[in-house]
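So the structure is just underneath, and the comments pick up after that.
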Amino acid sequence: MDDTGKLRIEHGGFLLFLALVSIAALLVVLPFWGPLLWATLAAILFQPLYGWFLKRRPGKESQAAGLTLLVIFIAVIIPAMWIGSRVVAEAARLVLAFREGRIDVAMYFEQVFSALPAGLQANLDESGFGNFGELLQRAQEFLQASLGLIAQQAIAIGGSVFGFVLAFAIGLYVSFFLIRDGRAIGETVLKALPMDRSVADRLAERFLGIVRATIKGSVVVGLVQGALGAVTFWIVGIPSVLLLGVIMAIASLLPALGPAIVWGPAAIYLLATGAIWEGVVVLVSGVALIGMADNVLRPILVGRDTGIPDWLILVTTLGGIALMGLSGIVVGPLVAGLFLAGWGILAEQREKAAA
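Under our numbering, residues 1 to 355 are what the sequence shown spells out, in order.
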């Protein structure tokens with residue numbers, strides 16, 4: 001065997017070793033992929049805050065990273081944990097109310113239907129839409145099952161307190177080092193990637209842009225819309241405002257309708273049952289405040305389009321949530337963006353080669 005063949009075998013063996021050890025590393029960290037993912041997202045999103053602290057504490061990278069992590073803990077983690085505990089408690093109360101028969105969706109439908117004009121009622125009856133008994137029963141069962149799932153997740157977390165605390169501690173620990181050393185780690189990764197550096201830089205820029213756009217444009221706007229909806233429901237006296245606010249925040253991911261699928265039926269029910277001023281408040285708030293929050297905040301927070309079609313964002317977001325849970329809100333659009341960017345770069349390279 002000549003030297004060239006020997007070098008090829010050695011090179012192939014080394015690449016095989018790298019593939020195997022990379023797969024082994026992924027399997028080792030797989031149980032903590034969730035905390036690692038959110039630690040990475042936090043480091044990317046709060047990098048400007050870290051830079052602000054570092055300018056005022058030059059040469060004190062660890063102190064700047066610690067102060068940044070403290071802000072994250074106070075401004076993000078503590079409110080999220082408080083809201084989450086309250087939402088779970090409200091969901092558990094609603095599950096008990098459904099089981100005990102204190103909430104009857106069919107009765108609410110009858111109240112709304114009976115408040116409609118007689119002519120409209122007759123038209124609905126003739127069209128077969130006047131009796132939604134079976135459909136409403138299924139909807140009620142689905143809602144009860146959904147609320148029960150929230151309660152089950154809370155029980156699962158409570159039953160594995162050690163695992164939750166361990167994952168939480170790992171997330172904070174990794175966040176500190178990614179905030180402090182994230183740029184250096186990113187540069188090392190880009191140099192090690194087996195692709196042209198210009199392509200790696202474009203993919204990295206795309207990655208950072210999609211992460212920031214998703215967090216700011218989807219999560220932050222959704223939280224604002226959910227908070228506005230919760231305050232509106234609290235003003236008019238609707239119960240379980242935090243749970244409804246979280247549902248509205250999740251629904252904000254849906255284009256066109258968004259949070260209207262929550263506040264719309266609420267306004268109709270209030271108006272149909274005689275709560276005129278409450279229904280008007282919900283309707284005005286939904287159109288003028290909740291509905292406009294997306295149009296006003298998204299351009300300010302994101303600044304530029306992600307380049308991903310709305311329908312693809314919807315499909316990948318819902319698919320990501322179904323596959324990965326809450327992390328799918330970011331992972332789904334991220335995969336879609338990198339997919340489009342990768343194929344776009346390949347098309348450009350082919351055009352250049354053809355030219």
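By construction, the Cβ of each residue, glycine as well, lies at the ideal position given by its N, Cα and C atoms. Note that the structure is a prediction, hence the values are computed from the model and not measured.
For D310, the enclosing alpha helix (DSSP H) begins and ends at D310 to M324. For M195, there is no enclosing alpha helix (DSSP H), since its DSSP letter is neither H nor E. The C-alpha of P265 lies about 57 angstroms from the C-alpha of A353. Residue state for T4 is assigned as helix, using DSSP reduced to three classes. Burial state of I261 is exposed, judged by a 10 Å Cβ sphere holding fewer than 16 other Cβ atoms.
The Cβ atoms of E90 and S252 lie no closer than 8 angstroms to each other. Assignment of L15 by DSSP, reduced to helix, strand and coil, places it in the helix class. The C-beta of L30 has fewer than 16 other C-beta atoms within 10 Å across all chains shown, which makes the residue exposed. Around the Cβ of G344, a 10 Å sphere holds fewer than 16 other Cβ atoms; the residue is exposed. An exposed status is given to L346, since fewer than 16 other beta-carbon atoms sit within 10 Å of its beta-carbon. The shortest C-alpha to C-alpha distance from A336 to any of A19, V87, A25 and T214 is the one to T214. Taking L54 as reference, the option from L41, A42, L36 and T68 with the minimal CA-CA separation is T68. When the alpha-carbon of L37 is set against those of L340, R350, A355 and G328, the nearest one is in G328.
At least 8 angstroms separates the beta-carbon of M248 from that of G217.
Of the candidates L27, L223 and F339, the residue whose Cα lies closest to the Cα of L297 is L223.
Per the coordinates, the alpha-carbon of I276 lies some 24 angstroms from the alpha-carbon of G258.
When the Cα atoms are used, R202 and I313 turn out to be separated by approximately 20 angstroms.
The beta carbon of G13 is closer than 6 angstroms to none in its chain, skipping five residues each way along the sequence. Under the criterion of beta carbons closer than 8 angstroms, V236 and L270 qualify as touching, at roughly 7 angstroms.
Taking C-beta separations shorter than 8 angstroms and ignoring five residues to either side along the sequence, the partners of F168 in its chain run P35, following chain order. By the criterion of a C-beta distance shorter than 8 angstroms, I321 is surrounded in its chain by G328, I329 and G332, once the five residues flanking it on both sides are discounted. Your pair L190 and A39 does not check out as a contact, with CB atoms roughly 19 angstroms apart and the cut at 8 angstroms.
If you check the CB distance, W263 and V282 come in under 8 angstroms. In this structure I72 touches F46 by the C-beta definition: roughly 6 angstroms separates them, less than 8 angstroms. Sequence-distant partners of T317 (beyond 5 residues in either direction) whose C-beta falls short of 8 angstroms from its own C-beta, in its chain, are S218, L253, G328, I329, G332 and P333. The C-alpha of E348 lies about 11 angstroms from the C-alpha of A355.
When the beta-carbon positions are compared, A200 and G186 stay at least 8 angstroms from each other. Remark: C-beta atoms of R180 and A65 approach each other more closely than 8 angstroms. Boundaries of the alpha helix (DSSP H) around A266: A260 to A272.
Your pair I44 and R212 checks out as a contact, with CB atoms roughly 7 angstroms apart and the cut at 8 angstroms.
Beyond the five residues adjoining it in sequence on each side, R86 comes within less than 7 angstroms, by CB distance, of L242 in the same chain, given in chain order. Linking I250 to A267 through their CA atoms gives a straight-line distance of about 19 angstroms. The three-state secondary structure of P333, taken from DSSP, is helix. Fully contained in the stretch 195-255 are the following alpha helix (DSSP H) runs of length 4 or more, in chain order: 197-214, 221-236 and 241-251. Secondary structure within the stretch 7-91: not one fully enclosed beta strand (DSSP E) run of 3 or more consecutive residues is present.
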